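Have a look at the structure below, then the notes.
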Amino acid sequence: MTRIQVDAVSIHFGGVKALQDVSLEVRKGEVLALIGPNGAGKTTLFNVISAIYQPTSGRVRLEGQDVAGLAPFQLAHKGLTRTFQNLQIFFRMTALENVMVGRNIRERGNLFGYLFGLPSVRRQNADSRLCALELLKFVGLDRYADRPAGELSYGILKRLEIARALALEPTVLLLDEPVAGCNATETAEIDQVIRKVVSTGVSILLVEHDIHLVMNLADKVHVLDRGVTLATGTPQEVRRNPAVIEAYLGESQDEQEPANAES
Amino acid sequence: MLTKALQNPFVSTLAVALIVVALPLVVGSNFHIRLATMVYIFSIVVLGLNLLMGYAGQVSLGHAGFFILGAYSVALGPSQLGLNPWLSMAGGVALTSALAFVIGRPLLRLSGYHLAMATLAFGAIVYVFITNEVDLTGGPDGMQVQRANLSVLGLSHLMSWYWLAGGFLVLSMLILSNLLSSPAGRALRALHDSEVAAGVLGIDVARAKLMAFVISAALAALAGANLALLDGHITPAAGGILRSVELLTMAVVGGLGSLVGSVAGAAFLVLLPQFLTEFHDYEHAILGFLLVVIMVMLPLGIVPSLNAVMRRWLP
Ligand SMILES: Nc1ncnc2c1ncn2[C@@H]1O[C@H](COP(=O)(O)OP(=O)(O)OP(=O)(O)O)[C@@H](O)[C@H]1O
Ligand SMILES: [Mg+2]
C-alpha cells in the first residue's frame, strides 16, 4: 500500500531551483532515506511533503489522495507529521507538556467542556499525561518529564521531537536529521526507536547525514544533489552507484563530522 | 512544593477568592471598597488580554475598544431598546464576542508590530465612532447608565458591584485556569513558541488564536459593562487609546503568562496613583519612573519574577 507518492515535484525560489522533477514513493512500514550534500534540497522536499511549501509543479499524494491546497495541520489529521532539522520545540512548556501537545488531535472535547473543566476533560488530561509519559520512556527521556524544555540539551530535544511526533500515532513520519548532535549511545537508542516504530507499520522518510544509520535502517535510499535526483535504490545499489560515490559518499565520509556540526 | 503550588492557577484562583471574601471584613470605607472593585474590574479585562498575549503570544493594542463596547451596551440597551440592564450586559458581551469573531480572523493573520497596529486602529475606530455618534451615545460628554444592583438582597449599590465584580473575577480566573489545563490551552501555549510545530501536530493555529481573541474580547466587554454599571455614567474616554495602553501595561507589569499576575498588574496600576496624588504635578512622572524601575528589577513582571526568585530560595 502506497502511503506517500511524490510525483515530479519542482519548487523554485526566485531563480533558485531547489527541487526539480523529484519523484518518490513510500509504502506502509517502509523506511526511505533521503540523502545528499548540504543544500541538496532534502529539507525543502520535507517542507513540500508536509505542505509547509506549495510546489511550483508536481503533486504529492497521501494514501492516494492529492494533498494540494491542504494545510500542514490537515495533513496531521490524515496521519502525517514530522520533526525539524532546526528544532521547533515549545520551549516554555515542560518536556511532558510538549509531548501532550502531540496528543491534541486524539483528544476530544469542546470549548464548553474546556472552560468549565468537566470531568471528561480531566479524565482525558490524565490519559494524555500517561500516554506522553509512556512515549518519553520509549525514547528514554522520562526522567526529564517535568523539566522546562528550554533547559534541555540539543540531543535530548531531538528525541523529544520524535516522542512528540509519535504522540499523534502517525502513519507517515518525516524525520529531518534525527541524530544530528547526538553521541554514539544516543544514536543507537534512536536507531532502536525508529526500528520499533517501523515494526508497527509506520512509514518513515528519513533525512540523515549519518551514513551508517541510513544504511542500517533504510529499505530504500533516494539521493538528491542540487535539487535533482541522482540515484534511487536499495542501500546496496546506491552504495555502488559511481555517481553517488563521486558526488556524495566520497566527500561525505570525511566531511561527515563538520556537516553534522554545522546543521 | 510550595513554589509549585504558588504557580498553580487553581491555587491562585482560590487565593484571590479568599481576598475578595475577606477584604470587606478588613476595610470599611466606601472609598477603599470602590478601589478594590475597580481592581477586580480591571483584573477581568487584563486576564483576557493575558490569555491572548501572555499565553497565545498575540499582541493587542485595541482591547479598550471591546471594553468600551461592553460599557456602552449597558448604557444603550435600556435607553434605546428598553432592555433590562442585566440582559443588556449579557447581550453586550455576546455581541462584542461576535464582533471579535468577525474581525479576529483577518486581524490575526498579522503578527507582531503589524498586529499591534491593526488592533490599535480597531480601538481608535470604536473610540471615534462612539465619540461622533452624538445622538446615540451623547458624544464626548458620555451618557447615563440606568441603575442596576442587588438592592433586593439588601446590598448597597457599591457593595452589590463589589460582590458582582469580585464574583466575575473569580469565575474568570477559574474558567481560564480550566482552559489553560485543557488541550485548547496547551495548543495556545504551543503556538506561542512555534506555530509551524503546532501546525504539523494538527493544531489549527488560526482557529486557536481566534478562540483566545474572542474570549479576551468577551472578558473585556464584561469588565466594561461592570464599570459602567458601577459608575452609573460612561464617557468615551473610558475606552480611548490610552486605556488600551494602560491595559497592556497592567498585563506586562503583573506578568505575562501568569493569571494572578494580571490581578497584581491591575492592582498595581489602580492603587499606585492613589498613593501618588499628593505629589500633584509630578504624579505621572513618578508613576512612570516606578514602572521603569519595576520592569528593570522584575523584567518578567511582578509575579513571574518573584516566582523565579522564590524558586531559587525555597525548596
Ligand atoms: N524558503 C526559501 N527561500 C529561498 N531559498 C530556499 C528556501 N528554502 C530552501 N531554499 C534553498 O533551497 C536549497 C536547498 O535547501 P535545503 O534546506 O532543502 O537543503 P538540505 O538538503 O536540507 O541541506 P542540509 O543538509 O544543509 O540541511 C538551498 O539552496 C536553500 O538556500
Ligand atoms: Mg536540511
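Chains as they are written, first to last, in numbering that gives the first Met the number 0: chain A, 0 to 262; chain B, 0 to 314. Using N, Cα and C, we set each Cβ at its ideal position, and we do this for glycine too. Only a predicted model underlies this, so the values are computations on that prediction, with no experimental measurement involved.
Taking the C-alpha atoms as reference points, what is the distance between residue i and residue j?
| i | j | result |
| --- | --- | --- |
| A246 of chain A | R206 of chain B | 46 Å |
| P303 of chain B | N177 of chain B | 20 Å |
| G47 of chain B | L305 of chain B | 22 Å |
| T55 of chain A | H11 of chain A | 6 Å |
| H76 of chain A | A164 of chain A | 12 Å |
| S159 of chain B | R146 of chain B | 11 Å |
| K136 of chain A | A144 of chain A | 9 Å |
| I129 of chain B | T234 of chain B | 9 Å |
| S110 of chain B | A117 of chain B | 10 Å |
| A166 of chain A | L156 of chain A | 15 Å |
| H156 of chain B | L218 of chain B | 22 Å |
| V213 of chain A | L31 of chain A | 9 Å |
| A17 of chain A | D190 of chain A | 29 Å |
| R81 of chain A | R310 of chain B | 35 Å |
| D253 of chain A | G40 of chain A | Residue placement at D253 of chain A is poorly supported in this model, since its pLDDT is 47, which falls under 50; the coordinates still yield a value, given next. Roughly 21 Å separates the two Cα atoms. |
| T276 of chain B | S42 of chain B | 22 Å |
| H191 of chain B | A265 of chain B | 24 Å |
| L135 of chain B | L86 of chain A | 55 Å |
| P118 of chain A | G112 of chain A | 8 Å |
| F30 of chain B | N49 of chain B | 28 Å |
| A250 of chain B | I18 of chain B | 20 Å |
For residue i, which residues in the same chain have their Cβ closer than 7 Å to its Cβ, ignoring the five residues on either side in sequence?
| i | result |
| --- | --- |
| V15 of chain A | none |
| E256 of chain A | Any reading at E256 of chain A must be qualified, since the residue scores a pLDDT of 42, below 50, and its modelled position is unreliable; the value itself is stated next. So no residue of the chain qualifies. |
| V73 of chain B | P84, S87, M88, G91, V144, A224, A227, L228 |
| E176 of chain A | Q84, V206, E207, H208, S262 |
| E188 of chain A | G139 |
For residue i, which beta-bridge partners are listed by DSSP?
| i | result |
| --- | --- |
| Q4 of chain A | A:E24, A:R60 |
| V265 of chain A | Since the first and last residues shown for chain A are 0 and 262, residue 265 of chain A lies out of range. |
| S9 of chain A | A:S56 |
| M142 of chain B | B:I233 |
| D65 of chain A | A:R60 |
| K3 of chain B | K3 of chain B pairs with nothing; no bridge assigned. |
| D224 of chain A | A:V227 |
| T186 of chain A | Paired residue(s): none; T186 of chain A is not in a bridge. |
| V15 of chain A | A:F12 |
| D218 of chain A | None, per the DSSP bridge assignment. |
| L173 of chain A | A:R81, A:L204 |
| G232 of chain A | A:V220 |
Since residue i and residue j should fall inside the 8 Å C-beta cutoff, what is the C-beta to C-beta distance between them, to a whole number of angstroms?
| i | j | result |
| --- | --- | --- |
| G69 of chain B | S243 of chain B | Rounded, the Cβ-Cβ distance is 14 Å, inconsistent with contact. |
| G101 of chain A | T1 of chain A | At roughly 25 Å, the Cβ-Cβ gap does not stay under 8 Å, so G101 of chain A and T1 of chain A are not in contact. |
| V243 of chain A | E207 of chain A | V243 of chain A to E207 of chain A, Cβ: 15 Å. No contact. |
| V222 of chain A | L229 of chain A | 4 Å |
| T12 of chain B | V269 of chain B | Between V269 of chain B and T12 of chain B the Cβ distance is about 20 Å, and since that is not below 8 Å, they are no contact. |
| A50 of chain A | L69 of chain A | 6 Å |
By Cβ distance below 6 Å, which residues in the same chain neighbour residue i in space, the five residues on each side in sequence not counted?
| i | result |
| --- | --- |
| V138 of chain A | R158, I161, A162, V192 |
| E29 of chain A | S202, D218 |
| Q4 of chain A | E24, R60 |
| A164 of chain B | T36, Y39, I40, N225 |
| N259 of chain A | At N259 of chain A the pLDDT is 41, less than 50, meaning the model places this residue with poor confidence and gives no usable figure here. |
| V58 of chain B | M52, L114, A115 |
| T95 of chain B | F65, L68, G69, A216, A220 |
| G154 of chain A | G180, C181, E185 |
| G56 of chain B | H191 |
For residue i, collect the residues of the same chain with a Cβ closer than 8 Å to its Cβ; drop the 5 residues on either side in sequence, then sort them by chain order.
| i | result |
| --- | --- |
| F121 of chain B | G61, G64, I102, L106 |
| A21 of chain B | none |
Under 8 Å: does the beta carbon of residue i sit that close to some heavy atom of ligand 4?
| i | result |
| --- | --- |
| E150 of chain A | As for ligand 4, it is missing from this structure, which binds only ligand 1 and ligand 2. |
- Item | alpha helix (DSSP H) runs wholly inside the segment 120–171 of chain A, at least 4 long, in chain order | Correct list: 153–165.
- Query: Mind pulling the alpha helix (DSSP H) runs of 4 or more residues that sit fully within the segment 82–120 of chain A?
  - Reply: Whole alpha helix (DSSP H) segments, 4+ residues: 94–101, 110–114.
- Query: Can you list, in chain order, the stretches of the beta strand (DSSP E) that have 3 or more residues and sit fully within the segment 267–309 of chain B?
  - Reply: With a minimum length of 3 residues, no continuous beta strand (DSSP E) run stays inside the segment 267–309 of chain B.
- Could you pull out every unbroken alpha helix (DSSP H) segment of at least 4 residues lying fully inside the segment 190–260 of chain B, listed in chain order? Note on the segment 190–260 of chain B: whole alpha helix (DSSP H) runs with a minimum of 4 residues are 194–199, 204–230, 240–253, in chain order.
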